[in-house]
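Chemist: Quick one: structure below, then a few questions.
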Amino acid sequence: MGKSVLIVDDAMFMRLTLKLMLEKNGFQVVGEAENGAVAVAKYKELKPDIVTMDITMPEVDGIMALRQIRAMDDKAKVVMVSAMGQEVMIREAVMAGAKSFIVKPFKEEGVIKTLSNL
Amino acid sequence: MSEDGISKEPMLEMYLFEGNQLVEQLEEIIIKCEKDKKFEMAAINEIFRIMHTIKGSSAMMMFNQIGSVAHSMEDLFFFIRANQNIQLDFVGLSDLVLAGIDFIKAEMNKIEQGNIADGLGDDLIAEIKTMLIQMKNSYENQNTMPATLPDSSPDGAKPKYYISSYKKPSEEKRLDTKYCVEIFFEEDCQMENIRAYMVINNLQDIVKDMYYIPANVIDDGDSADIIREKGFLICFSTSVSYAEVESTLHQTAFLRRMEINQVDQYPDAIKALYGKREIILEDAFEVDPQPKIETAEVGKEGDLGIGNSRQQNIISVSVAKLDMLMDIVGEIVISEAMVTKNSDLAGLQLDGFSKAARQLRKLTDELQDIVMSIRMVPVSIVFQKMNRIVRDMSKKLAKEVDLEIIGDTTEVDKNIIDHLSDPLMHLIRNAMDHGLEKKEDRVKAVKPSKGKVTLEAKNAGGDVLIIVRDDGKGLDREKILNKARERGLVHKPEHELTDKEIFSYILLAGFSTNEQVTEFSGRGVGMDVVTKNIEKIGGSITIESVFGKGTEIFVKIPLTLAIIDGIEVSVGKSRYTIPTISIRESFRIDESDVTSDGDGNEMIMIRGQCYPVLRIHRMFNIKNPVMRISDGIMVMIESDSKTACLFVDKLVGEQQVVVKALPRYLKKVQGIAGCTILGDGGISLILDVNGILERQLS
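Residue numbers (the working numbering), protein chains in the order written: chain A, 1 to 118; chain B, 1001 to 1698.
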């Protein structure tokens, strides 16, 4: 069984794209969340091996969600998904325990490499 | 994406679906902000976020022009968000964002139609950039402090090579080994500087001290280029084993080449800088936090009406699937009746069966209600779009207009709402263009200089009534009548024409009393298209107007096309369903109550009012019906304030029926709206009450 993944992104499009890429490569997408609050709740419920976390989201953003998830489980493997120009936020995320990051627009190869590396 | 071997189809569909949704949301926000004459923080956040999302998705799908426009818009709102007290040019800003929305919409539309998104956004992007520069300039003047933007690296400043260090809090020196590591990342891995930062971050726990070049890996955007070209050099001392150092470093993603060297001394480059005391100590644990503007604003989003939370727990389902579901549920309802009312059961005493049948009945009813309610959507979806129309029109026509929206939570079937948008758009345009007077004329007529257009929806029995009302000059009865005469449309003695009938001439094709053809209206196309579209969904239009005071257009549409409550009647061997909503009463009468005029038209007198009698068997040529008035039953029907009595053999019962269209091979029969399948498998024709009344009474 491939590693289980929770996809967090406020854009349905991004969630679908990631899901297609991951499932094609043997990952098991166990859940999706459209904002940070839902992500934290789903993490608690699903205990996925990996979380892909968008940064810019309404209400609870990705970094806040990352902090909350890490507070619950300090072994949580969270990969940030960000756009160009968000370097400062990624640094903050890395400080807060993010394991790696993906830059939008991403390619399948890069995504898989990043997640396989964890 | 195709090179990744993933089918683009579902992604494209999702891209368009979500993109359109976002753009509409954005439009709503802008119109609201413009009305309130301020951009709330929550709105700015939301605009920023939407543009950010569109940018990201478009870049993934390689719709670069859309992506670039969204990107420049995102930059603009990033600046506004970071500098809240900035003076905003509301009008200019709204216009610009709306122009952006229009561009994105147009491009998405092209994609949807299967065309290439070939629009060029360069001019628009230039305009947005100009506005951003102007904003920055005026902000600098305003505050004398330059605005801080992460992507605004000061052009003049040269990339600095400086050294930062990280020291583990005082620990006694043991036998430490010094390492120098040179790292090259894979091409295209992007954000090399952050990847370098991750190396630093990973090492932190095992090293005593650490020096690296380039040092300012985060804040200096150029550092990514330097690392790409020259690699990332990091030196540190540690007490842990080589193997552990190696494995820690190998955690780094996208490594192309790494050289780990044990050294006695740090290389000159680092020493040189170190010696020059240019070391900037950077405490890795104390990173200035990002300004968190969003957090405090969460609560506000509600009053903006954007409410992201409403997206939660909602899934999108294709309408085709709902249609199928509806159809199947309709069949189940019929099958249920076929089973429970099966003629094989006649005369049997089946207590257990009856109980089970009742339960089944209850559940199928509930199922039907739920399926119906799934298909219901509030008219606000269409109403909100009108804000934009009013805004654009009022600018172009130089008429100040308030749009009042009432009852936009009224729900109608999804199938119906799709056909509402265009007709309403026409009506609103007409109201603004022809209905409302120019400002000077309004003042002369002692009216408020600002015109008012009202859009109202309300439930009226089994129908929904949508009213478009303006307080403009009203319709000119004589002018319309003259024009109708010219066109030879008047087929009745003029003194018999009611106002309503005269006004309804403007619904005919090619009819426009407006001498001036404007960009929006006056060509006489429109109203007839509006009428046709509304009639297509089983609706009707009536007009009321007071000259000088204003016009009201009533659009009556059915709640749903799928299910109606009906009374089953029989005539001869045929069965008909009369929509319950059109029935006022039913009663038996004697032969003597019916009088007839010279042409054989029958009438009855009920409570001092005279009503025409229509025998269904005559209308549809039915054989062997009940002929004697006293043996049959009268059903009084009404529609649009016209009333008549239908004579039928007998009432069979009341039931909800699923409306099915007549098969294509039957031409439209006047007086028949559709058909339905009965519990016993028979077919019942659904009467079109309005059609019958119109035919018989004209």
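Glycine is no exception: its CB is placed at the ideal position from the N, C-alpha and C atoms.
Note that the structure is a prediction, hence the values are computed from the model and not measured.
Would residue 1417 of chain B and residue 1468 of chain B qualify as a contact pair, given that the criterion is a beta-carbon distance under 8 Å?
Modeler: The answer is no: Cβ separation not under 8 Å.
Chemist: Which residue wins for smallest C-alpha separation from residue 112 of chain A, given the options A:13, A:21 and A:98?
Modeler: Checking every option, the nearest Cα to that of residue 112 of chain A belongs to A:21.
Chemist: Compare the Cα-Cα distances from residue 1428 of chain B to each of B:1449, B:1261 and B:1383 and report the closest residue.
Modeler: Nearest of B:1449, B:1261 and B:1383 to residue 1428 of chain B, Cα basis: B:1383.
Chemist: What residues of chain B sit near residue 16 of chain A, judged by a beta carbon separation below 7 Å?
Modeler: 1010, 1011 and 1014, listed in chain order.
Chemist: If we ignore side chains and look at the alpha-carbon of each, how far apart do residue 1053 of chain B and residue 1119 of chain B end up?
Modeler: Spanning the two alpha carbons is a distance of roughly 20 Å.
Chemist: Span of the beta strand (DSSP E) holding residue 1235 of chain B?
Modeler: 1232-1238 is the extent of the beta strand (DSSP E) around residue 1235 of chain B.
Chemist: If I follow the unbroken alpha helix (DSSP H) through residue 1017 of chain B, where does it start and stop?
Modeler: Segment 1009-1036, the alpha helix (DSSP H) holding residue 1017 of chain B.
Chemist: Quick check on residue 1659 of chain B: does DSSP put it in helix, strand or coil?
Modeler: Of the three classes helix, strand and coil, the one that applies to residue 1659 of chain B here is coil, per DSSP.
Chemist: Spatial neighbours of residue 1344 of chain B within its chain, please: CB distance less than 7 Å, with the 5 preceding and 5 following residues excluded, ordered by chain position.
Modeler: Result list for residue 1344 of chain B: empty, nothing under 7 Å.
Chemist: Given that a residue counts as buried once 16 or more other Cβ atoms are within 10 Å of its Cβ, and exposed if not, what is residue 1250 of chain B?
Modeler: So residue 1250 of chain B counts as exposed.
Chemist: Identify, in the order they occur along the chain, each residue of the same chain with its Cβ nearer than 7 Å to the Cβ of residue 1333 of chain B, setting aside the five sequence neighbours on each side.
Modeler: These residues qualify, in order along the chain: 1364, 1368 and 1658.
Chemist: If we count the other Cβ atoms within 10 Å of its Cβ and call it buried at 16 or more, is residue 26 of chain A buried or exposed?
Modeler: Flag for residue 26 of chain A reads exposed.
Chemist: Can the beta-carbon of residue 1535 of chain B be found less than 8 Å from the beta-carbon of residue 1544 of chain B?
Modeler: Not a contact, by the Cβ cut-off of 8 Å.
Chemist: Taking 8 Å as the threshold (beta carbon to beta carbon), is residue 1020 of chain B in contact with chain A?
Modeler: Closer than 8 Å: no.
Chemist: Any contact of the segment 1050-1070 of chain B with the segment 1131-1143 of chain B, i.e. 3+ C-beta pairs under 8 Å?
Modeler: In short, these stretches do not touch, since the Cβ pair count stays below three.
Chemist: Select from the segment 55-76 of chain A all residues with a C-beta closer than 7 Å to any C-beta belonging to chain B, and list them in chain order.
Modeler: Listed in sequence order: 56, 58, 59 and 61.
Chemist: Relative to the alpha-carbon of residue 1624 of chain B, which residue among B:1574, B:1638 and B:1587 has its alpha-carbon at the smallest distance?
Modeler: Residue 1624 of chain B has its Cα closest to that of B:1574, out of B:1574, B:1638 and B:1587.
Chemist: If you follow the alpha helix (DSSP H) that residue 113 of chain A is in, where does it begin and where does it stop?
Modeler: Looking at the DSSP string, the run of the alpha helix (DSSP H) that includes residue 113 of chain A is 108-116.
Chemist: Given this structure, state the Cα-to-Cα distance separating residue 1752 of chain B from residue 1063 of chain B, to the nearest angstrom.
Modeler: Residue numbering for chain B in the displayed model covers 1001 to 1698; residue 1752 of chain B lies beyond these limits and cannot be assessed.
Chemist: Which of the three DSSP states, helix, strand or coil, is assigned to residue 1620 of chain B?
Modeler: Here residue 1620 of chain B sits in coil by DSSP.
Chemist: Between residue 1100 of chain B and residue 1069 of chain B, which are expected to be in contact by the criterion C-beta below 8 Å, what is the C-beta distance as a whole number of angstroms?
Modeler: Indeed, because the Cβ distance is near 6 Å, the residues count as touching under 8 Å.
Chemist: Looking at the structure shown, is residue 1456 of chain B part of a helix, part of a strand, or coil, going by DSSP?
Modeler: Reduced to three states, the DSSP call for residue 1456 of chain B is strand.
Chemist: From B:1037, B:1090 and B:1097, pick the residue whose C-alpha is nearest to that of residue 1025 of chain B; which is it?
Modeler: Taking only the C-alpha atoms, the option nearest residue 1025 of chain B is B:1097.
Chemist: Assuming residue 1183 of chain B contacts residue 1258 of chain B (C-beta within less than 8 Å), just tell me the rounded distance between them.
Modeler: About 5 Å; that satisfies the 8 Å criterion.
Chemist: Taking Cβ to Cβ, would you say residue 62 of chain A is nearer than 8 Å to residue 8 of chain A?
Modeler: Yes; because the gap between Cβ atoms is below 8 Å, this pair is in contact.
Chemist: Rounded to the nearest angstrom, how far is the Cβ of residue 964 of chain B from that of residue 1405 of chain B, given a contact under 8 Å?
Modeler: Beyond the ends of chain B as shown, which are 1001 and 1698, falls residue 964 of chain B; an answer cannot be given.
Chemist: Hey, how far is the Cα of residue 1324 of chain B from the Cα of residue 1372 of chain B?
Modeler: Each residue's alpha carbon lies about 12 Å from the other.
Chemist: Report back the beta-carbon spacing between residue 1539 of chain B and residue 1458 of chain B to the nearest angstrom; my notes put them in contact at under 8 Å.
Modeler: Residue 1539 of chain B to residue 1458 of chain B, Cβ: 14 Å. No contact.
Chemist: I'd like to know whether the C-beta atoms of residue 1011 of chain B and residue 1061 of chain B end up nearer to each other than 8 Å.
Modeler: Yes, these two residues count as a Cβ contact at 8 Å.
Chemist: With 8 Å as the threshold, decide whether the Cβ of residue 956 of chain B is near any Cβ in chain A.
Modeler: Look at the range of chain B in this structure, 1001 to 1698, and you will see that residue 956 of chain B is not part of it.
Chemist: At a Cβ threshold of 8 Å, is residue 1105 of chain B touching chain A?
Modeler: Output row for residue 1105 of chain B: interface = no.
Chemist: With distances taken Cα to Cα, identify the nearest neighbour of residue 1681 of chain B among B:1113, B:1244, B:1330 and B:1196.
Modeler: Ranking B:1113, B:1244, B:1330 and B:1196 by Cα distance to residue 1681 of chain B puts B:1330 first.
Chemist: Please list the residues of the segment 1178-1201 of chain B that have a C-beta atom closer than 8 Å to any C-beta atom in chain A, keeping them in chain order.
Modeler: Those residues of the segment 1178-1201 of chain B that come within reach of chain A (Cβ to Cβ, closer than 8 Å) are 1188, 1189, 1190, 1191, 1193, 1194, 1197, 1198 and 1201.
Chemist: Can you confirm whether the segment 1477-1486 of chain B touches the segment 1571-1588 of chain B when touching is taken to mean that 3 or more C-beta pairs between the two stretches lie within less than 8 Å?
Modeler: No, because fewer than three Cβ pairs between the segment 1571-1588 of chain B and the segment 1477-1486 of chain B fall closer than 8 Å, the two stretches do not touch.
Chemist: Which class does residue 54 of chain A belong to by DSSP, given the choice of helix, strand or coil?
Modeler: Residue 54 of chain A falls in the strand class under three-state DSSP.
Chemist: Would you mind giving the Cβ-Cβ distance between residue 1197 of chain B and residue 94 of chain A, rounded to the nearest angstrom? I have them listed as a contact below 8 Å.
Modeler: Between residue 94 of chain A and residue 1197 of chain B the Cβ distance is about 6 Å, and since that is below 8 Å, they are a contact.
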